[in-house]
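Before any comments, here is the structure.
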Amino acid sequence: MHCSPLARAAVLLGAAIVMLPWSAVRVGAQVPAVSPGRVEVTVRDVDGVIPGAAVSAAPAAAPQSPLAFATTDESGVAVLPGLVPGPYTIRVAFPGFAEATHPDVAVPADGAATLAVTLSVAQFSSEVTVTTANRREQVLLDVADPIVLIDEQQIADTGARTAKDLLVEQTGAGIQVQAGGGQGHLSLNGIPNSGVLVLIDGRRYLGKDANGNLNLEDLPLTGIDRVEVVKGAGSALYGSDALGGVVNFVTRQSKTPGITSLSDLSGGSYGDYRANQTLGWRGALGGISGSAGYREYEGFDLSEANPQTIGQPRSDWWSGTLNADTRIGSRIFLRAAGDYSKRDIDDYFFSGATQLPATVYDSQRELTRYSVSPTADLILAPSTTMTIGYTGGWYLRDETRVFPVGNRVQPQAPWREWNDELRVTAAHTWRAFGGDHPLQGGIERRHEQLSRGSLNVTDPERDITTAWFQQEVRLGNRLTVAGGARYDDFSDFGSEWSPKASLSYRLGDTQRLRFSAGQGFRPPYFGELYLFTPPAFVGNPNLQPETATTYNGGYAWSSARLQVSADWFRSDVENGITFDLSRQPFTYANLRAFTSQGTNLSAGVVLPGGFAPSVAYTYTRREDANGVEIGGFARHTAFLKLLWTQQRWGLRANLRGQILGDVPPAVDGTYQSGYQVWNAQVAKTLWRSGGSMVSLYAQVGNIFDEGDVFLRNAQGQPIEGDFQAWLAPRTFLAGLTVDLGGLR
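Here the sequence shown is numbered in our numbering, starting from 8 and rising by one per residue.
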């Protein structure tokens with residue numbers, strides 16, 4: 008081949024340029040080093056700087072893999088040095104505030120990138136995400152269903168020991184919890200407990216009584232990071248038991264590299280002592296976290312003359328949770344979770360059907376629950392994932408009845424409940440019309456079984472086969488619509504479809520309009536079908552499933568200083584299962600067709616000086632098919648909270664009030680009168696260094712010693728001894744928390 012001298016010179020020059028770096032390496036020549044840079048972050052809230060905030064920096068291409076960590080000093084400044092020049096994602100977190108994320112922060116060579124971050128109180132943030140409503144992570148403001156989110160700091164504000172303690176305060180948010188007799192039966196927007204699904208990290212919480220109710224007093228809050236309460240038709244995504252909504256208790260998981268530790272010790276009135284410990288570790292390929300807790304409580308009695316007025320029986324609780332995850336390559340993520348709880352109960356008095364002194368007995372119980380759940384997440388493509396998971400759950404109840412008259416001891420037959428679930432779900436995000444549109448669906452196979460001595464059928468069981476899907480479509484920058492359905496095939500009740508549709512309309516960065524409508528159904532529980540405790544109660548094997556059609560519509564505003572929401576709801580229930588007191592013995596029947604409708608209103612504002620008042624109000628009206636109002640739930644309920652914080656002084660205090668109006672009269676004219684309960688707490692950070700702190704808190708419960716909430720007759724006079732709300736007298740409690748974060 009013939010080349011001109013000019014061409015040969017160009018080829019030689021090009022070769023020299025290409026080979027120069029390699030030649031330099033071979034002869035030991037040094038490539039000039041790039042000088043590292045740093046990021047300086049100032050963290051504030053609306054009132055001033057925040058010391059002790061956690062700041063991390065991760066490469067923009069791998070935002071889940073932080074390389075540097077720091078905490079803000081007394082002037083609210085954190086410095087992250089030694090960063091290779093380039094774009095980074097900066098995250099800032101502080102308890103009680105929504106995590107702030109700033110992508111594509113450019114770090115220069117031998118210089119500093121500066122960033123000012125203003126954190127929003129979590130409940131006022133438009134960046135907070137939830138996972139329960141649509142079975143995927145989603146910004147709370149964009150969810151079409153009304154949601155009550157109770158984060159870790161709000162849980163700490165209450166000093167709550169159990170799920171009942173926490174949710175009983177949310178009276179104005181459409182949430183009502185029975186306050187009496189050691190029970191904690193939850194209802195949402197007038198739908199009773201049997202139509203509300205309770206989950207822990209998405210796993211069913213087992214242990215229903217004969218009426219299909221769960222006692223939230225059994226569920227301790229050890230290791231709980233947040234609670235998401237979704238109000239509305241939940242059957243399309245979660246199946247039966249979710250007629251009125253879903254409550255998901257999400258456990259704390261380690262997110263910070265290194266070792267984290269949170270300890271909580273407290274004690275108070277009526278011998279109420281608690282010790283909780285949470286530990287976590289996270290490395291490059293995964294992490295593990297676990298919690299363990301113990302509580303003992305002497306309980307209280309409203310009337311020493313009557314053993315059946317135990318407002319809370321003496322109990323001991325043990326609990327624990329475990330979460331672990333690891334990454335295999337870039338496409339496989341393995342997770343495993345488990346939880347355990349045990350409650351021992353003494354001095355829990357009941358009366359037999361005759362109501363005679365000789366039939367009064369002390370129901371001494373051991374209640375044990377545990378579950379395990381291994382899961383594999385597969386990334387099939389950047390926009391397509393698949394999850395395969397299994398959950399095994401067990402509930403063990405052992406009871407011995409001790410009769411004070413005659414000193415008789417009567418062991419009861421063991422009560423055992425099993426729930427096994429196998430799930431395969433897939434999610435795919437497709438792009439069109441200039442937006443991303445999430446599609447998800449799955450198949451499930453569940454087996455339920457109950458072994459209980461007071462049934463007239465031996466070990467009843469059922470299999471449920473399920474297929475479901477949901478498609479979300481974003482039309483432009485304002486409107487998001489979603490539609491889906493669930494098909495459940497029950498081995499003992501046939502099949503049923505549960506459809507649902509929703510929309511969210513964006514009025515601006517801080518405002519949304521929302522609407523949802525869905526149908527659901529609940530087959531009768533084994534106890535409702537086969538209970539056999541004559542001469543008082545028996546089951547009804549001819550029961551039909553309950554069905555409900557639910558509508559929600561509302562408006563939400565969420566900004567750094569203001570949060571407002573207004574929602575209307577209506578649920579039409581058919582074939583409602585309840586006791587038929589016209590028969591002897593008493594039994595269950597599809598007696599009730601009713602409508603529950605009303606409004607949920609809430610508002611909160613951040614004021615100068617660290618004050619943040621908030622209020623929630625619910626109006627509920629329940630009517631039967633003839634338009635006659637039925638009782639059971641207060642028509643007017645409200646919750647008020649005045650929060651005051653001074654982050655620079657390490658102070659946080661609150662005053663909380665729950666207000667319930669009169670419950671509509673029953674057929675005989677009797678009714679439950681309204682009442683108010685007020686609580687207060689103050690917390691002080693005693694020591695803080697980096698991401699670690701030690702805090703002390705103290706609280707007063709039932710400040711005004713509200714009590715003796717009796718049933719009232721048609722003339723408004725209290726019926727002495729007939730307690731309707733079994734409130735603990737004024738109580739005092741103090742505790743110490745030690746939070747050690749990011750130890751490496």
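All C-beta atoms in this analysis are idealised placements derived from N, C-alpha and C, irrespective of residue type, glycine included.
Would you call the CB atoms of residue 240 and residue 525 closer than 8 Å? With contacts defined as CB atoms closer than 8 Å, residue 240 and residue 525 qualify as a contacting pair.
Just to confirm, are residue 269 and residue 223 a CB contact at a threshold of 8 Å? Judged by their CB atoms, residue 269 and residue 223 are not nearer to each other than the 8 Å cut-off.
Beta-carbon contacts of residue 237 that lie in its chain and below 7 Å, excluding the five residues immediately before and after: 139, 140, 152, 154, 252, 253.
For residue 204 and residue 623, the rounded distance between their alpha carbons: When rounded, the distance between both Cα atoms is 23 Å.
How far does the beta strand (DSSP E) with residue 594 in it extend, from its first residue to its last? Unbroken beta strand (DSSP E) run through residue 594: 594–612.
Classify residue 368 as helix, strand or coil using the three-state DSSP reduction. Residue 368 carries a strand assignment under DSSP once its states are collapsed to helix, strand and coil.
Going along the chain, which unbroken runs of the alpha helix (DSSP H) with 4 or more residues stay wholly within the region 146–172? Qualifying alpha helix (DSSP H) stretches, in chain order: 159–165.
Distance CB(residue 667)-CB(residue 652) smaller than 8 Å: The answer is no: Cβ separation not under 8 Å.
Contact check, residue 491 vs residue 243 under 8 Å by CB: the rounded distance? About 5 Å; that satisfies the 8 Å criterion.
What residues match up with residue 127 in a beta bridge as DSSP calls it? Under DSSP, residue 127 takes part in no beta bridge, so it has no partner.
Could you give the residue range of the alpha helix (DSSP H) that holds residue 533? Its alpha helix (DSSP H) spans residues 533–537.
Contact between the region 47–65 and the region 74–84 (3+ Cβ pairs under 8 Å): A contact is defined here as three or more CB-CB pairs under 8 Å, and the region 47–65 meets this definition with respect to the region 74–84.
Buried/exposed call for residue 516, threshold 16 Cβ in 10 Å: Looking at its Cβ environment, which holds fewer than 16 other Cβ atoms inside 10 Å, residue 516 is exposed.
Kindly indicate which three-state DSSP category residue 39 falls into: helix, strand or coil? With a pLDDT of 46 at residue 39, under the threshold of 50, the modelled position of this residue cannot be trusted, and the question is left open.
Selected residue, minimal CA-CA separation from residue 95, among 68, 116, 117: Comparing Cα-Cα distances from residue 95 to each of 68, 116, 117, the minimum goes to 68.
In the structure shown, what three-state DSSP assignment does residue 32 receive? Only weak support is given to the placement of residue 32: the predicted model assigns it a pLDDT of 35, under 50, and the value that follows is read from those uncertain coordinates. If DSSP states are grouped into helix, strand and coil, residue 32 belongs with the helices.
Name the one or two DSSP bridge partners that residue 383 has. For residue 383, the pairing in a beta bridge is given by DSSP as 341, 395.
Skipping 5 residues on each side, what residues in its chain have a beta carbon closer than 8 Å to that of residue 367? Excluding residues up to 5 positions away in sequence, 314, 315, 356, 357, 358, 359, 410, 411, 412 lie with their Cβ nearer than 8 Å to the Cβ of residue 367 in the same chain.
Would you mind listing the alpha helix (DSSP H) stretches within the region 562–593 that are 4+ residues and don't spill past its ends, in chain order? Counting only runs of at least 4 residues, the region 562–593 fully encloses no alpha helix (DSSP H) element at all.
Excluding the 5 residues flanking residue 422 on each side, which residues of the same chain have their C-beta closer than 6 Å to its C-beta? Cβ within range, chain order: 404, 459.
Tell me the DSSP secondary structure of residue 617 in three-state form. Residue 617 sits in a helix when the DSSP states are folded into three classes.
At a cut of 8 Å, does the region 263–283 reach the region 491–508 through at least three beta carbon pairs? Cβ pair count under 8 Å is below three, so no.
To test your reading of the DSSP string, which unbroken alpha helix (DSSP H) runs of 4 or more residues are found completely within the region 54–131? For the region 54–131, not a single whole alpha helix (DSSP H) run of length 4 or above is found.
Residue closest to residue 674, alpha-carbon to alpha-carbon, out of 695, 662, 637, 708: Nearest C-alpha to residue 674: 637.
Verify whether the separation of the beta carbon atoms of residue 259 and residue 290 is less than 8 Å. Contact flag unset, no.
What is the rounded straight-line gap between the Cα of residue 191 and the Cα of residue 172? Cα-Cα distance, rounded: 9 Å.
Could you round the C-beta distance between residue 126 and residue 113 to whole angstroms and report it? I think they count as a contact, below 8 Å. So it is not a contact: roughly 22 Å between Cβ atoms.
Local Cβ density within 10 Å of residue 35, reported as buried at 16 or more and exposed below that: Note that residue 35 scores 39 on pLDDT, short of 50, meaning its location in the model is unreliable and no value can be drawn from it.
Taking C-beta to C-beta, are residue 406 and residue 372 nearer than 8 Å? With a cutoff of 8 Å on beta-carbon distance, residue 406 and residue 372 are scored as near each other.
By the 10 Å Cβ neighbour count, where 16 or more other Cβ atoms means buried, how is residue 449 classified, buried or exposed? It counts as buried.
Below 8 Å between beta carbons: does that hold for residue 655 and residue 53? Residue 655 is not a Cβ neighbour of residue 53, given a cutoff of 8 Å.
Just list the residues that DSSP pairs residue 715 with in beta bridges. The beta-bridge partner set that DSSP reports for residue 715 is empty.
Which listed residue (77, 167, 418) has its alpha carbon closest to that of residue 50: Of 77, 167, 418, the residue nearest in Cα terms is 77.
Touching or not, the region 327–338 and the region 279–298, by the rule of three or more beta carbon pairs under 8 Å? Taking a cut-off of 8 Å for Cβ pairs, the region 327–338 and the region 279–298 touch, as three or more such pairs fall below it.
Under 8 Å between the Cβ atoms of residue 402 and residue 438? No, Cβ-Cβ distance for residue 402 and residue 438 is not below 8 Å.
Around the C-beta of residue 711, are 16 or more other C-beta atoms found within 10 angstroms, so that it is buried, or is it exposed? Exposed, because fewer than 16 other Cβ atoms sit within 10 Å of the Cβ of residue 711.
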